[in-house]
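Undergrad: Quick one: structure below, then a few questions.
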Amino acid sequence: MKIEFVEKDLNAVKADFELIFIEAKSRKQLNNYKDFFKLMNYKGEGVCLDSANKRLFVELKGLNYEDIRLAFFTAIKSLERLNIKSIKSQSVVGSCVVRSFACMAEGIGFANYKFNRYKSEKKSSTLERVLISKEEINAKKFSKEEALIGLNRGEILAKACHFTKDIVNEIPQIYTPLKMAEDAQDLAKIYKSITCKVYDEKFLEKEKMNAFLAVNRASAYPPRLIHLSYKGKNAKQKVVFVGKGLTYDSGGLSLKPADYMLTMKADKSGAAAAMGIIKAVVELNLELEVHCILGATENMIGGNAYKPDDVLISREGVSIEVRNTDAEGRLVLADCLSFAQDLKPDLLIDLATLTGACVVGLGEFTSGIMGNNENLKNEFYEVSKKSGEYACVLHFNPHLRELIKSKIADISNTSSSRYGGAITAGLFLDKFIREEYKDKWLHLDIAGPAYLEKAWCYHSYGASAAGVRMCVNFLIHLLRKNK
Ligand code: BES
Ligand code: ZN
Ligand code: ZN
């Protein structure tokens with residue numbers, strides 16, 4: 005499906021169907037169609053179909069970016085069952101023109117996502133084109149260039165999110181660490197500017213990545229360390245993303261109860277997000293050097309499984325007492341963060357579905373932002389708000405740090421208290437961040453929003469690509485700031 009900007013008024017655009025947005029605040033639009041709305045008992049909430057005139061009225065709650073994304077999503081979703089090829093629409097512009105157009109494209113794009121690989125009957129939409137006219141709902145004027153930049157950015161972001169969602173939604177039977185490595189290599193085949201290196205268990209042994217290897221031990225599949233890289237022209241900054249790629253987390257010997265194990269195919273969401281991010285970075289031609297370090301493995305049970313009571317010597321040389329094998333993500337990340345710091349990043353961001361505690365604390369819609377640099381965390385938070393993702397800064401403190409001390413090793417992989425688990429997990433990772441990178445590091449716990457058991461707003465059931473839009477928007481923000 006294509007989204008096109010048309011430099012004409014809505015009446016001059018030809019299409020099978022038309023969208024008309026009804027702004028919640030403005031009675032004016034309601035008055036324009038007074039008789040029809042009276043007949044339909046429509047007061048401007050949700051959608052109202054006028055099939056005789058081939059148009060759909062869609063509620064626009066306001067001009068915030070989320071309102072724009074939701075309105076376009078709702079419109080396309082409401083029409084997906086109709087046998088139409090093209091839809092035309094007015095444009096809706098909030099405070100920034102480029103971002104508003106990006107939001108229109110994101111809303112349309114998200115409405116188009118489907119994971120139906122395992123459905124015998126695939127209901128596919130006939131829609132081929134969405135035409136967005138230069139006619140703005142409040143007659144705002146803007147340039148064609150801004151509209152095109154925004155639409156392009158939104159389409160790239162939506163496609164990157166689809167890519168990430170497909171990885172996360174894929175079943176654990178198919179999506180093994182080897183499959184993740186294949187997908188990463190395919191990225192490098194499709195985009196000539198991406199390089200992909202895949203490292204096997206022998207390399208991990210040589211690199212002394214014993215924490216990562218321990219998690220993998222009882223799996224039928226070998227682990228993979230995946231390194232994707234891209235260097236844009238004039239790149240002055242190096243950003244390294246590290247992704248938790250647990251293709252399945254059974255909990256290991258500290259086995260998860262049955263109903264908590266369900267959805268743990270989504271424990272690869274951090275790695276999948278990092279892959280989506282680099283795809284978007286390349287398509288947007290960002291003038292940055294970007295690397296992704298992905299730790300791909302399963303966490304399973306068996307006679308050779310790593311055990312609570314084990315002590316592991318990580319790549320950084322820090323010894324770790326294993327008190328719970330279900331706190332495996334931080335073990336994989338500890339070694340991946342170590343590897344990532346050897347690349348000498350200017351900015352280091354890890355993405356992980358790390359803790360259930362983060363979901364308990366912040367709810368299912370919000371990611372946790374952690375790190376040592378107040379300005380960096382706050383800056384990231386401000387960008388996340390505009391990106392369409394909810395995030396919240398969780399602050400470290402020395403008292404929580406006390407809780408991950410071990411009596412027999414340098415650190416314990418679990419906290420001695422049941423409270424504050426998202427932050428103690430962040431503090432565990434901090435132990436593996438070298439002094440010179442302390443202020444350059446952000447930890448994003450995406451456990452809440454990564455996988456949705458119930459659709460909400462413009463997100464469908466299943467993977468949501470949490471992390472992709474906020475990180476790409478942050479990179480765009482970095483470039484603008486340093487211009
Ligand atoms: N992958 C889970 C965290 C998770 C929970 C992600 C719910 C998404 C939804 C992680 O590996 C885990 O199991 N963490 C434990 C840590 C605990 C044993 C210290 C948790 O959060 O319970
Ligand atoms: Zn776990
Ligand atoms: Zn996990």
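Just so you know, the sequence shown maps onto residues 5 to 487 in my numbering.
Backbone N, C-alpha and C define an ideal beta-carbon position, used for all residues, glycine too.
Given this structure, state the Cα-to-Cα distance separating Tyr455 from Gly274, to the nearest angstrom.
TA: Start at 1 with the first residue of the sequence shown, and residue 455 comes out as number 451. Start at 1 with the first residue of the sequence shown, and residue 274 comes out as number 270. Computed Cα separation, rounded: 11 Å.
Undergrad: Taking CB distances under 8 Å as the criterion, tell me whether Ser147 reaches chain C.
TA: Chain labels in this structure do not include chain C; a single protein chain is all it has.
Undergrad: Excluding the five sequence neighbours on either side, which residues of its own chain have a C-beta within less than 6 Å of the C-beta of Ala429, listed in chain order?
TA: For the purposes of this step, residue 429 is taken as residue 425 along the sequence shown, with counting starting at 1. Around Ala429: Arg334, Leu358 and Thr359.
Undergrad: So, is Asp346 buried or exposed, given that buried needs 16 or more other C-beta atoms within 10 angstroms?
TA: Residue 346 sits at position 342 when you count from the first residue of the sequence shown. Burial call: exposed.
Undergrad: Is the distance from the Cβ of Thr267 to the Cβ of Pro176 below 8 Å?
TA: Counting from 1 along the sequence shown, the entry for residue 267 is found at position 263. Counting from 1 along the sequence shown, the entry for residue 176 is found at position 172. Result no, Cβ atoms of Thr267 and Pro176 do not sit closer than 8 Å.
Undergrad: Helix or strand or just coil, what does DSSP make of Ser388?
TA: Counted from its first residue, the sequence shown places residue 388 at position 384. Looking at Ser388 - three-state DSSP - the assignment turns out to be helix.
Undergrad: Entirely within the region 297 to 385 and at least 3 residues each: give me those beta strand (DSSP E) ranges in chain order.
TA: Those beta strand (DSSP E) runs which fall completely within the region 297 to 385 and span 3+ residues are 315 to 317, 323 to 325, 351 to 356 and 370 to 375.
Undergrad: Using a threshold of 8 Å, state whether the C-beta atoms of Leu352 and Ala344 are closer than that.
TA: To locate residue 352, count along the sequence shown from 1; it is residue 348. To locate residue 344, count along the sequence shown from 1; it is residue 340. In this structure, Ala344 lies closer than 8 Å to Leu352 by Cβ.
Undergrad: Under DSSP, the beta strand (DSSP E) around Glu27 begins and ends at which residues?
TA: Within the sequence shown, residue 27 is the residue found at index 23, counting from 1. Its beta strand (DSSP E) spans residues Phe21 to Glu27.
Undergrad: DSSP beta-bridge partners for Glu8?
TA: Translated into the one-based positions of the sequence shown, residue 8 becomes position 4. Per DSSP, Leu135.
Undergrad: Less than 7 Å between the CB of Asp330 and some heavy atom of ligand 1, yes or no?
TA: As a first step, residue 330 must be located in the sequence shown, where it is residue number 326. Correct: Asp330 has its Cβ closer than 7 Å to ligand 1.
Undergrad: Mind pulling the beta strand (DSSP E) runs of 3 or more residues that sit fully within the region 70 to 108?
TA: Runs found: 90 to 95.
Undergrad: If you scan the region 208 to 263 from start to end, which runs of the alpha helix (DSSP H) of 4 or more residues do you find wholly inside it?
TA: If we require 4 residues or more, the alpha helix (DSSP H) runs fully inside the region 208 to 263 come out as 214 to 220.
Undergrad: Within 10 angstroms of the Cβ of Asp71, are there 16 or more other Cβ atoms? Answer buried if so, exposed if not.
TA: As a working note, residue 71 is residue 67 in the sequence shown. Asp71 comes out buried.
Undergrad: Do you know whose CA, among Glu8, Phe9 and Val476, lies nearest Val243's CA?
TA: For the purposes of this step, residue 243 is taken as residue 239 along the sequence shown, with counting starting at 1. Among Glu8, Phe9 and Val476, the Cα nearest to that of Val243 belongs to Val476.
Undergrad: What is the DSSP secondary structure of Asp204, counted as helix, strand or coil?
TA: As a first step, residue 204 must be located in the sequence shown, where it is residue number 200. Here Asp204 sits in coil by DSSP.
Undergrad: Which stretch, first to last residue, makes up the beta strand (DSSP E) that contains Ala395?
TA: What you label residue 395 is simply residue 391 of the sequence shown in a count that begins at 1. Per DSSP, Ala395 belongs to the beta strand (DSSP E) from Tyr394 to Val397.
Undergrad: Does any heavy atom of ligand 2 sit closer than 7 Å to the C-beta of Gly424?
TA: The residue you call residue 424 lines up with position 420 of the sequence shown. No; taking the cut-off as 7 Å, the Cβ of Gly424 has no heavy atom of ligand 2 nearer than that.
Undergrad: According to DSSP, Phe61 sits in a beta bridge with which residue or residues?
TA: Here residue 61 corresponds to residue number 57 of the sequence shown, with the count starting at 1. Answer by DSSP bridge pairing, in chain order: Ile24 and Cys52.
Undergrad: What's the gap between the Cα of Ala451 and the Cα of Phe369?
TA: Looking up residue 451 in the sequence shown gives position 447. Looking up residue 369 in the sequence shown gives position 365. Those two C-alpha atoms are separated by around 9 Å.
Undergrad: Measuring CB to CB, does Ser90 end up less than 8 Å from Glu132?
TA: Residue mapping note: residue 90 aligns to position 86 of the sequence shown, counting from 1. Residue mapping note: residue 132 aligns to position 128 of the sequence shown, counting from 1. Cβ atoms of Ser90 and Glu132: closer than 8 Å.
Undergrad: Give the C-beta separation of Tyr69 and Cys107 to the nearest angstrom, bearing in mind that I take them to be a contact with Cβ-Cβ under 8 Å.
TA: Translated into positions along the sequence shown, residue 69 becomes position 65. Translated into positions along the sequence shown, residue 107 becomes position 103. Right, the Cβ-Cβ distance comes to about 5 Å (below 8 Å), so this counts as a contact.
Undergrad: Sort Gly392, Ser124, Val315 and Asn417 by Cα distance to Arg73 and report the nearest one.
TA: Residue mapping note: residue 73 aligns to position 69 of the sequence shown, counting from 1. Selected option, being the one with the closest Cα: Gly392.
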